[in-house]
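Peer 1:
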Amino acid sequence: MHLNVSQQMRMSQQMKLAPRMIQSMEILQLPLMALQERIDQELNENVVLEQVTNRKEEYSGPAEEVEIPKLDIERREMTTDDNNASDFERLLEISKEWPDDNYTSGSRPSSNRVEEDGDRQHDVMANCENRPETLHEHLLEQFHCDAPEHLRSFGDYLIHNLDPNGRLQSSLPELAQVFGANITLQDADQALKLVQRLDPPGVGARDLKECLLLQITPDTPLGEIMTVLISDHLDDILQNRLPLMERKTGFSLDAIKAAIEQMGTLNPYPGKKYDSPHVQSVTPDLKLEKNDAGLYKVELIDEYVPQLRINRRYIRMLEGNPDAATKEFIKRKIESAKWLIDSIEQRYNTLKRVAQSIVDEQTEFLDLGPEYIKPLKMQDIADVVGVHVTTVSRAVDDKYIATPRGIFPLKRFFGGGTKTADGEDVAWENIRLKLKEIVDKEDKSDPLSDDALVAELAKHGFNLARRTVTKYRKALNIPSSRQRREY
Numbered sequence: 000m001h002l003n004v005s006q007q008m009r010m011s012q013q014m015k016l017a018p019r020m021i022q023s024m025e026i027l028q029l030p031l032m033a034l035q036e037r038i039d040q041e042l043n044e045n046v047v048l049e050q051v052t053n054r055k056e057e058y059s060g061p062a063e064e065v066e067i068p069k070l071d072i073e074r075r076e077m078t079t080d081d082n083n084a085s086d087f088e089r090l091l092e093i094s095k096e097w098p099d100d101n102y103t104s105g106s107r108p109s110s111n112r113v114e115e116d117g118d119r120q121h122d123v124m125a126n127c128e129n130r131p132e133t134l135h136e137h138l139l140e141q142f143h144c145d146a147p148e149h150l151r152s153f154g155d156y157l158i159h160n161l162d163p164n165g166r167l168q169s170s171l172p173e174l175a176q177v178f179g180a181n182i183t184l185q186d187a188d189q190a191l192k193l194v195q196r197l198d199p200p201g202v203g204a205r206d207l208k209e210c211l212l213l214q215i216t217p218d219t220p221l222g223e224i225m226t227v228l229i230s231d232h233l234d235d236i237l238q239n240r241l242p243l244m245e246r247k248t249g250f251s252l253d254a255i256k257a258a259i260e261q262m263g264t265l266n267p268y269p270g271k272k273y274d275s276p277h278v279q280s281v282t283p284d285l286k287l288e289k290n291d292a293g294l295y296k297v298e299l300i301d302e303y304v305p306q307l308r309i310n311r312r313y314i315r316m317l318e319g320n321p322d323a324a325t326k327e328f329i330k331r332k333i334e335s336a337k338w339l340i341d342s343i344e345q346r347y348n349t350l351k352r353v354a355q356s357i358v359d360e361q362t363e364f365l366d367l368g369p370e371y372i373k374p375l376k377m378q379d380i381a382d383v384v385g386v387h388v389t390t391v392s393r394a395v396d397d398k399y400i401a402t403p404r405g406i407f408p409l410k411r412f413f414g415g416g417t418k419t420a421d422g423e424d425v426a427w428e429n430i431r432l433k434l435k436e437i438v439d440k441e442d443k444s445d446p447l448s449d450d451a452l453v454a455e456l457a458k459h460g461f462n463l464a465r466r467t468v469t470k471y472r473k474a475l476n477i478p479s480s481r482q483r484r485e486y
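Everything in the sequence shown is counted per numbering that gives the first Met the number 0, starting at 0 for the first residue and increasing by one.
#1: Go to residue 405, then tell me how far its beta strand (DSSP E) extends in each direction, as first and last residue.
#2: Per the DSSP calculation, residue 297 is bridged to which residue(s)?
#3: Please work out which residues of its chain come closer than 6 angstroms, Cβ to Cβ, to residue 364, disregarding the five sequence neighbours upstream and downstream, and give them in chain order.
#4: State buried or exposed for residue 159, treating a residue as buried only when at least 16 other CB atoms are found within 10 Å of its CB.
#5: Below 9 angstroms between beta carbons: does that hold for residue 214 and residue 269?
#6: Which same chain residues end up closer than 8 angstroms to residue 488 when comparing Cβ atoms and leaving out the 5 residues on each side of it in sequence?
#7: Under the assumption that residue 202 contacts residue 161 (Cβ atoms under 8 angstroms), give the Cβ distance between them as a whole number of angstroms.
#8: Alpha carbon to alpha carbon, how far is residue 457 from residue 36?
#9: Residue 23 to residue 264, Cα distance in whole Å?
#10: Could you check how far apart the C-beta atoms of residue 229 and residue 247 are, in whole angstroms? I think they sit under 8 angstroms.
#11: Look at the alpha carbon of residue 218 and the alpha carbon of residue 412, and state the distance between them as a whole number of angstroms.
#12: Go through its chain and collect everything with a Cβ distance to residue 4's Cβ below 6 angstroms, but skip five positions before and after it.
#13: For a minimum of 3 consecutive residues, which ranges assigned as the beta strand (DSSP E) are wholly contained in the region 132 to 213?
#14: Measuring alpha carbon to alpha carbon, tell me which of 360, 319 and 196 ends up nearest residue 383.
#15: What does the alpha-carbon distance come out to for the pair residue 527 and residue 195?
#16: Give every residue of the same chain whose Cβ lies closer than 8 angstroms to the Cβ of residue 262, excluding the five residues on either side of it in the sequence, and list them in chain order.
#17: Going by alpha carbons, who is nearest to residue 295 out of 358, 184 and 271?
#18: Starting from the C-beta of residue 387, find all residues in its chain whose C-beta is less than 7 angstroms away, skip the five residues before and the five after it, and write them out in chain order.
#19: Look at residue 453 and residue 446 and say whether their C-beta atoms are less than 9 angstroms apart.
#20: Quick one: using the 10 Å Cβ neighbour count with 16 as the cut-off for buried, is residue 59 buried or exposed?
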């Protein structure tokens, strides 16, 4: 074995992302509300960064001399402990060493102001909307009024095991076994029947068939026919096999059609109305306005985003030649603030350029409607703007634009397409709209099969495979030809 030391030269390419570049990409991808939260977080963490309360506000006049206290930077800022307790202690120490007017942009609130803020918060809480009643609360209140004492515990257990739709997800013997407490199957069945009598009708069912049958009462119109159809022919109803049900049940075709129509009044998900999912509001990042020449111009909506700047007081502290630790701390905070401000400005510029290029390509969609949308890829916009396609993807991600036709996500303007028989580019959206139009106009007594739909689309210049037509039909929730047939 020979051991030696030598030097070699090797050329290679590596991609390295600087922290500033990573931060810029993160800021670009944030939607408007998330950007506001990020800025609020930075305002809390970086003492050098401040919010401009008045956007027309400017600094004027010479900078006054400020006494620079000796700060214990190593103990307060060079530590790796970033919890809320250390931040609070740091603020307390700063408040003892610095006058109020040297580190805040406003005056300290008076005791009266504090009381007014407390009253205002109390008023806000008093006027908040009450939490809606849940399905479990609604059922428990009814169950405790009529249920026998020995069945209440297991009845409560059954109610708490209902899913948001009001159905039991496990069998009754399994629930009784898990519950224990010497509950017999007879008592468990009795408790379940009591739960199934509660309002809304249909709760406590173990499947769709039982849920629908529980909602049929002696006063329900065509209740006898509906009971037979639901009990024995539910799959035939879903497959629209009306003649087969006519032969098996002996009911007339008109009676079966009337019963199926009456079944539309039943609710397969009785507990759904008590489920109040959170509805997320959409705040557009951009808006469109037409100029005098009739062209669409993109404008940024930045009224929700605070305008930032670097506190001049810290810059004057640097000019006063502080100690090395203080100087290093202020420089680091100022550099971090500059990076954030530059990243936000770059986000605005990139987002506006990308959105303007999209609008220029989809002007006919905005003027004439969705059927005039063009096939558009992110790579096309990236070539126009002069950025990478991933930058366009981050710019349009979870971003919305307010247009004369409503609020749309920016991704709505992208989509693939194909060529017609005449060589014209057409978006997949237009093909889906044409497919829906053909199905709406067909003879429902003899609906078009997927092969017939392929032929009809070919007459309009859309040459598509049968599997493509089937995929689009299912995406549009259009039933098959058998299910669309009317007898």
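Positions of the beta carbon are idealized from the N, C-alpha and C atoms, including for glycine.
These figures come from a predicted structure and were not determined experimentally.
Peer 2: Reading from the atomic positions:
#1: Position 406 of the sequence shown, counting from 1, holds the residue named residue 405. Taken as a continuous stretch (DSSP letters only), the beta strand (DSSP E) holding residue 405 covers 405 to 408.
#2: As a position in the sequence shown, residue 297 is number 298, starting the count at 1. Answer is 287.
#3: As a position in the sequence shown, residue 364 is number 365, starting the count at 1. In the same chain as residue 364, and ignoring 5 residues on each side of it, the C-beta atoms closer than 6 angstroms to its own belong to 371 and 372, in chain order.
#4: The residue labelled residue 159 in the question sits at position 160 within the sequence shown. Label assigned to residue 159: exposed.
#5: For this step, residue 214 is matched to residue 215 along the sequence shown. For this step, residue 269 is matched to residue 270 along the sequence shown. At the C-beta level, residue 214 and residue 269 come within 9 angstroms of one another.
#6: Past the boundaries of the shown model lies residue 488; the chain is included only from 0 to 486, so the question cannot be answered.
#7: Numbered from its first residue, the sequence shown carries residue 202 at position 203. Numbered from its first residue, the sequence shown carries residue 161 at position 162. Sure, about 7 angstroms apart at Cβ, within 8 angstroms.
#8: Against the sequence shown, residue 457 aligns to sequence position 458. Against the sequence shown, residue 36 aligns to sequence position 37. Each residue's alpha carbon lies about 52 angstroms from the other.
#9: Residue 23 sits at position 24 when you count from the first residue of the sequence shown. Residue 264 sits at position 265 when you count from the first residue of the sequence shown. CA-to-CA, the gap between residue 23 and residue 264 works out to about 54 angstroms.
#10: Residue mapping note: residue 229 aligns to position 230 of the sequence shown, counting from 1. Residue mapping note: residue 247 aligns to position 248 of the sequence shown, counting from 1. About 14 angstroms; that fails the 8 angstroms criterion.
#11: On the sequence shown, residue 218 is found 219 positions in, with the first residue counted as 1. On the sequence shown, residue 412 is found 413 positions in, with the first residue counted as 1. Going from the Cα of residue 218 to the Cα of residue 412 covers about 52 angstroms.
#12: Numbered from its first residue, the sequence shown carries residue 4 at position 5. Taking residue 4 as the centre and dropping the five residues before and after it, the same chain places no C-beta closer than 6 angstroms to its C-beta.
#13: The region 132 to 213 contains no whole beta strand (DSSP E) run of 3 or more residues.
#14: Taking the sequence shown and counting its residues from 1, the one referred to as residue 383 is at position 384. Ranking the options by Cα distance to residue 383, first place goes to 360.
#15: For residue 527 there is no data in the structure shown, the boundaries of the chain being 0 and 486.
#16: On the sequence shown, position 263 is the one that residue 262 refers to. Closer than 8 angstroms at Cβ, skipping near neighbours: 211, 225, 228, 229 and 236.
#17: Along the sequence shown, read from residue 1 onward, the residue named residue 295 stands at position 296. Checking every option, the nearest Cα to that of residue 295 belongs to 358.
#18: Start at 1 with the first residue of the sequence shown, and residue 387 comes out as number 388. Within its own chain, the residues whose Cβ lies closer than 7 angstroms to the Cβ of residue 387, once the five positions on either side in sequence are excluded, are 381, listed in chain order.
#19: Walking along the sequence shown from the start, residue 453 turns up at place 454. Walking along the sequence shown from the start, residue 446 turns up at place 447. In this structure, residue 446 does not lie closer than 9 angstroms to residue 453 by Cβ.
#20: Locating residue 59 in the sequence shown gives position 60, where the first residue counts as 1. Low confidence applies to residue 59: its pLDDT is 37, below 50, so where it sits in the model is not reliable, and the reading given next is rough at best. Exposed: under 16 other Cβ atoms inside 10 Å.
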